[in-house]
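Participant: Each residue of the sequence shown is one higher than the last, beginning at 241 in my numbering.
Take this structure, written in structure tokens, and hold onto it; I'll ask about it next.
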Amino acid sequence: MDSQDTLQYQINIPERMMIFIDARNIYEAEKEYNLRAEQHFVFGYKEMINFFAKKYKVIRGYFYDGAPHPSQRTPEREQFFRDLRQNGITLRLKEIDFTAISKPSQKGVDIFLTADMISLAYENAYDIAVILSGDGDYVALIDLVKSKGKKVWVLSFDSALSPKLRECADKVLVIDRMLDVFGKQRLIKPDMPNQNKQKADKKSENLINNKTPHT
């Protein structure tokens, strides 16, 4: 292989991507969006992986959340976890002290995410990191990872997206504007006027066709 062939080969190699999911942040933002928009939208992790895999080499996703209480380990939840694993997503579940008097805290889950994203950047395990969260607390993390020559994208619902996070990310993907891309399930409530339903569907169609949902 001569130098020109080598250069062409390097150009054609897709960038490596890893995805870091702040599950609680996405869940709460999804719930707020559904109340506000009068929809029942369910974020699809398989759909997300498939979307990114069209152009990038998705190495792995990491799902960060508190470990469920034994009473919450329902068959549906276990199936959800199995589906994540089958789609290349590793579960990173933090044990929670359920004996505490106050409400069990998710504090510390973000530390798992931060530690993994930094260590994997230093190991040169990815070229692009995608954070599923709108939490402004990740600004320092993004700046550090970018200083290692990595690109950092943010995927979030608009209402949960911190302005500081929007400013520091290399690219922002707003879920609200890509419902038909990231939606596992999207049902319009019966009391939603048909005219509004048609407008919502048309808006999603235009965003995808024009390829302008990134900011």
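Even glycine gets a Cβ: it sits at the ideal position worked out from N, Cα and C.
1. Return yes when the Cβ of V421 is within less than 9 Å of the Cβ of C408, no when it is not.
2. Count the other CB atoms within 10 Å of the CB of N265; is the residue buried (16 or more) or exposed (fewer)?
3. Since T354 sits in a beta bridge, which residues does DSSP pair it with?
4. Pop quiz: E270 and F397 are said to be a contact at Cβ under 8 Å. What is the actual Cβ separation, rounded to whole angstroms?
5. Near A361, what residues of its chain come up, given a Cβ to Cβ distance below 6 Å and the 5 sequence neighbours on each side ignored?
6. Taking only beta-carbon atoms, is E255 less than 9 Å away from chain C?
7. Which partner residues does I368 have in the DSSP bridge list?
8. What residue range does the beta strand (DSSP E) around L401 cover?
9. Should F260 and V370 be called a contact, given that it needs their Cβ atoms to be closer than 9 Å?
10. Less than 9 Å between the C-beta atoms of R322 and F303, yes or no?
11. For G306, list the residues DSSP reports as bridge partners.
12. Using three-state DSSP, classify R456 as helix, strand or coil.
13. Excluding five sequence neighbours on each side, which residues of the same chain lie with their C-beta closer than 6 Å to the C-beta of E488?
14. Just to confirm the assignment, what range does the alpha helix (DSSP H) spanning K271 have?
15. I need the DSSP call for G301, collapsed to helix, strand or coil.
16. Taking the C-alpha atoms as reference points, what is the distance between V349 and G306?
Facilitator: The short version:
1. no
2. buried
3. Answer is none; T354 lacks a bridge partner.
4. 7 Å
5. V385, K388 and K390
6. The chain labelled as chain C is not found in the depicted structure, where only one protein chain is given.
7. M257 and K391
8. Here L401 belongs to no beta strand (DSSP E), and DSSP marks it neither H nor E.
9. yes
10. no
11. K334
12. Only positions 241 to 455 of the chain appear in this structure, which leaves residue 456 out of reach.
13. Residue 488 is absent from the structure shown; the chain starts at 241 and stops at 455.
14. A263 to A277
15. strand
16. 7 Å
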